[in-house]
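Numbering-wise, the working numbering comes out as the position in the sequence shown, counting from 1, plus 491.
Step one of this worksheet: look at the structure below.
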Amino acid sequence: MLQLIDVFTYYDDLAALRGISLEVRAGEMATLIGANGAGKTTTLKTICGLLRPRRGRIVFSGRDITGWRPEDIVRLGIALVPEGRRVFPQLTVWENLVLGATVRRDRAGVQRDLEQIFTHFPPLAERRKQLAGTLSGGEQQMLAIGRALMARPKLLLLDEPSMGLAPMVVEQIFAVIESINRAGTTILLVEQNADLALHIAHRGFVMETGRIVRSAPAAELLASEEVRRAHRIVWVRALRAY
Ligand code: ATP
Numbered sequence: 492m493l494q495l496i497d498v499f500t501y502y503d504d505l506a507a508l509r510g511i512s513l514e515v516r517a518g519e520m521a522t523l524i525g526a527n528g529a530g531k532t533t534t535l536k537t538i539c540g541l542l543r544p545r546r547g548r549i550v551f552s553g554r555d556i557t558g559w560r561p562e563d564i565v566r567l568g569i570a571l572v573p574e575g576r577r578v579f580p581q582l583t584v585w586e587n588l589v590l591g592a593t594v595r596r597d598r599a600g601v602q603r604d605l606e607q608i609f610t611h612f613p614p615l616a617e618r619r620k621q622l623a624g625t626l627s628g629g630e631q632q633m634l635a636i637g638r639a640l641m642a643r644p645k646l647l648l649l650d651e652p653s654m655g656l657a658p659m660v661v662e663q664i665f666a667v668i669e670s671i672n673r674a675g676t677t678i679l680l681v682e683q684n685a686d687l688a689l690h691i692a693h694r695g696f697v698m699e700t701g702r703i704v705r706s707a708p709a710a711e712l713l714a715s716e717e718v719r720r721a722h723r724i725v726w727v728r729a730l731r732a733y
């Protein structure tokens, strides 16, 4: 469904992506794991057109979408749930969700999908008239996912959905992500919590300083002593930094 072929993305002179190639198949849940600054967010932003690659190609459902505008990419079926949720705080839950559907013209379908999202996330249904800025972190994450789903994506990109959330809330959010995937939406999940991500994904890509250094079935990565060790080292390093 999605192919990145030798993609390079720069911030001025800094090469944040240095020849990324990866493939996500229709129906699967793939995860991109790696330390801070490895280039995970840059990869997602490049896929959805927020950053333009300097070299390489991005192919989605057989079409070359390299250099397309973000709104055209959304229309074609890719939606991003950004890092830090980015909901509109001064708008209500309902208004945030409706905004997610601006690329659509089928009013009846939008109404049906709103109800579907309220079924996925009961706390949002109870709070549909509440301002998004007054929601808890977990509820805002549900809203950000719901807003992306309102575009009816074929491919959903999720950037660090567990960030800053209590373990119980993370569990709830990840259960919903799994059920969205089971219902047919292909997912590319970016996570720093490698253990968690590899437990729900089918396949994983390990990123280091702008490159994919390993790609394998998630179970294989989970069992790999090398990956486990690498991620613990990352964690210890992060602690030492404080
Ligand atoms: P994190 O988990 O911390 O979000 P990441 O793997 O998502 O990390 P990116 O945010 O993609 O990593 O960053 C990749 C590299 O690009 C880093 O070296 C980062 O400092 C740099 N970078 C990211 N955004 C910008 C920007 N707007 N301007 C300049 N450099 C940037």
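Backbone N, C-alpha and C define an ideal beta-carbon position, used for all residues, glycine too.
All of these numbers come straight from a predicted model, not from anything done at the bench.
Across the stretch 521-541 and the stretch 676-684, are there enough close Cβ pairs to call them in contact, namely three or more that are closer than 8 Å? yes
Rounded to whole angstroms, what is the Cα-Cα separation between T676 and H693? Spanning the two alpha carbons is a distance of roughly 13 Å.
Here's the rule I'm using: 16 or more other beta-carbon atoms within 10 Å means buried, otherwise exposed. How should P658 be labelled? exposed
Would you mind giving the Cβ-Cβ distance between I564 and G540, rounded to the nearest angstrom? I have them listed as a contact below 8 Å. 5 Å
Kindly give me the distance between the Cβ atoms of G637 and L713, rounded to whole angstroms, as I take these residues to be in contact under 8 Å. Wrong, their Cβ atoms sit about 29 Å apart, outside the cutoff.
Could you have a look at D504 and say whether DSSP puts it in helix, strand or coil? coil
Can you tell me the Cα-Cα spacing of E711 and H690, whole angstroms? 11 Å
Please state whether DSSP places L655 in a helix, a strand or coil. Note that residue 655 is Gly in the sequence shown, not Leu. Residue state, collapsed to three classes: coil.
Beta-bridge partners of S706, as assigned by DSSP: F696
Specify the secondary structure class of L649 as computed by DSSP and reduced to three states. strand
Rounded C-beta distance between I671 and L647? I'm assuming under 8 Å. At roughly 7 Å, the Cβ-Cβ gap stays under 8 Å, so I671 and L647 are in contact.
Should L605 be labelled buried (16 or more other beta-carbon atoms within 10 Å of its own) or exposed? buried
For T557, does the three-state DSSP call read helix, strand or coil? Coil, per DSSP.
Option nearest A507 by Cα separation, candidates R595, I678, K536, M654: Closest option to A507, Cα to Cα, is K536.
Going by DSSP in three states, T593 sits in which element: helix, strand or coil? coil
Look at the alpha carbon of I538 and the alpha carbon of I549, and state the distance between them as a whole number of angstroms. 7 Å
Would you mind stating whether R577 and A642 have Cβ atoms separated by less than 8 Å? No, the pair does not count as a contact, with Cβ atoms beyond the cut-off.
Please find out if some non-hydrogen atom of the ligand ATP comes closer than 7 Å to the beta-carbon of E574. In this structure, the ligand ATP has a non-hydrogen atom nearer than 7 Å to the beta-carbon of E574.
Run through DSSP, which three-state label would T583 get? strand
Ends of the alpha helix (DSSP H) at F609? 598-611 is the span of the alpha helix (DSSP H), which, as asked, contains F609.
Need the endpoints of the beta strand (DSSP E) that L680 sits in, please. Residue range 677-682 is occupied by the beta strand (DSSP E) that includes L680.
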